[in-house]
Amino acid sequence: IHSLFVIAPPATVEFGDGSTVKEKEKVGKLIAVIVASFINAMDALKLNLLEVDQIQPLILEVVSALNRMELTNYSSTLKMKEWLSRLNSMRAVDRMSDDDVRQLSHDLEKGFAEFHAKLEDI
Numbered sequence: 034i035h036s037l038f039v040i041a042p043p044a045t046v047e048f049g050d051g052s053t054v055k056e057k058e059k060v061g062k063l064i065a066v067i068v069a070s071f072i073n074a075m076d077a078l079k080l081n082l083l084e085v086d087q088i089q090p091l092i093l094e095v096v097s098a099l100n101r102m103e104l105t106n107y108s109s110t111l112k113m114k115e116w117l118s119r120l121n122s123m124r125a126v127d128r129m130s131d132d133d134v135r136q137l138s139h140d141l142e143k144g145f146a147e148f149h150a151k152l153e154d155i
């Protein structure tokens with residue numbers, strides 16, 4: 034039996050983990066969407082796009098992308114959902130305060146860094 038294992042490695046070694054090329058492509062595209070979503074939201078704040086109707090769609094895209102990756106209990110997803118809820122309760126013409134902008138920027142940077150670190154597990 035020992036010699037059979039040496040001669041014929043397990044199928045998982047020879048044929049991979051069973052993921053199809055399409056599944057891997059889908060994950061790759063989703064990772065790109067998440068990265069772009071974080072960067073777009075961070076850039077909007079740096080460009081002083083601070084009205085609710087300017088930043089809310091970008092935070093919605095971050096949350097939607099993280100949900101598609103099934104990262105619903107991920108701490109950054111939960112934080113972005115809190116921001117989305119807060120922005121949804123405001124009027125479109127409302128402008129975020131300096132404190133809110135700073136905190137949202139921090140939360141986006143932290144979420145992006147955590148997501149980048151999580152890529153090691155994917």
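Just add 33 to the spot in the sequence shown (first one is 1) and you have the working numbering.
Heads up, the beta-carbon is just placed ideally off N, CA and C, and yes, glycines get one too.
Please tell me whether residue 113 and residue 88 are closer than 8 Å, where the distance is taken between their beta carbons. For the purposes of this step, residue 113 is taken as residue 80 along the sequence shown, with counting starting at 1. For the purposes of this step, residue 88 is taken as residue 55 along the sequence shown, with counting starting at 1. No, the pair does not count as a contact, with Cβ atoms beyond the cut-off.
For residue 47, collect the residues of the same chain with a Cβ closer than 8 Å to its Cβ; drop the 5 residues on either side in sequence, then sort them by chain order. Here the question's residue 47 lines up with position 14 in the sequence shown. With a pLDDT of 48 at residue 47, under the threshold of 50, the modelled position of this residue cannot be trusted; read the value that follows with caution. For residue 47, where only same-chain residues beyond five positions count, there are no Cβ hits under 8 Å.
What does a CB cutoff of less than 7 Å around residue 59 pick up in its chain, not counting 5 residues either side in sequence? On the sequence shown, position 26 is the one that residue 59 refers to. If we look at residue 59 and ignore the five residues flanking it on each side, it has no Cβ neighbours.
Identify, in the order they occur along the chain, each residue of the same chain with its Cβ nearer than 6 Å to the Cβ of residue 109, setting aside the five sequence neighbours on each side. Looking up residue 109 in the sequence shown gives position 76. The residues are 144, 147.
So, under 8 Å CB-CB, residue 122 and residue 75 are touching, yes? Tell me the CB distance rounded to an integer number of Å. Taking the sequence shown and counting its residues from 1, one reaches residue 122 at position 89. Taking the sequence shown and counting its residues from 1, one reaches residue 75 at position 42. About 22 Å; that fails the 8 Å criterion.
Look at the alpha carbon of residue 141 and the alpha carbon of residue 56, and state the distance between them as a whole number of angstroms. Position 108 of the sequence shown, counted from the start, is the residue given in the question as residue 141. Position 23 of the sequence shown, counted from the start, is the residue given in the question as residue 56. Approximately 27 Å between the Cα atoms of the pair.
Considering Cα atoms alone, identify which of 98, 90, 82 is closest to residue 66. Here residue 66 is taken as the residue at index 33 of the sequence shown, counted from 1. Checked all of 98, 90, 82; the closest Cα to residue 66 is 98.
What does the Cβ neighbour count give for residue 126, buried or exposed, with the cut at 16 atoms within 10 Å? Position 93 of the sequence shown, counted from the start, is the residue given in the question as residue 126. Exposed is the call here.
Hey, out of 72, 83, 104, whose CA is closest to residue 120's CA? Counting from one through the sequence shown, the residue named residue 120 turns up at place 87. Minimum Cα distance to residue 120 is reached at 83.
Give the DSSP-derived three-state secondary structure of residue 124 in the structure shown. For this step, residue 124 is matched to residue 91 along the sequence shown. Here residue 124 sits in coil by DSSP.
Report the three-state DSSP secondary structure of residue 47 (helix, strand or coil). For the purposes of this step, residue 47 is identified with residue 14 of the sequence shown, where counting begins at 1. Per-residue confidence for residue 47 stands at a pLDDT of 48, beneath the threshold of 50, marking its modelled position as unreliable; the derived number appears in the next sentence. Reduced to three states, the DSSP call for residue 47 is helix.
Considering residue 94, what are the terminal residues of the alpha helix (DSSP H) in which it resides? For the purposes of this step, residue 94 is identified with residue 61 of the sequence shown, where counting begins at 1. Segment 85 to 101, the alpha helix (DSSP H) holding residue 94.
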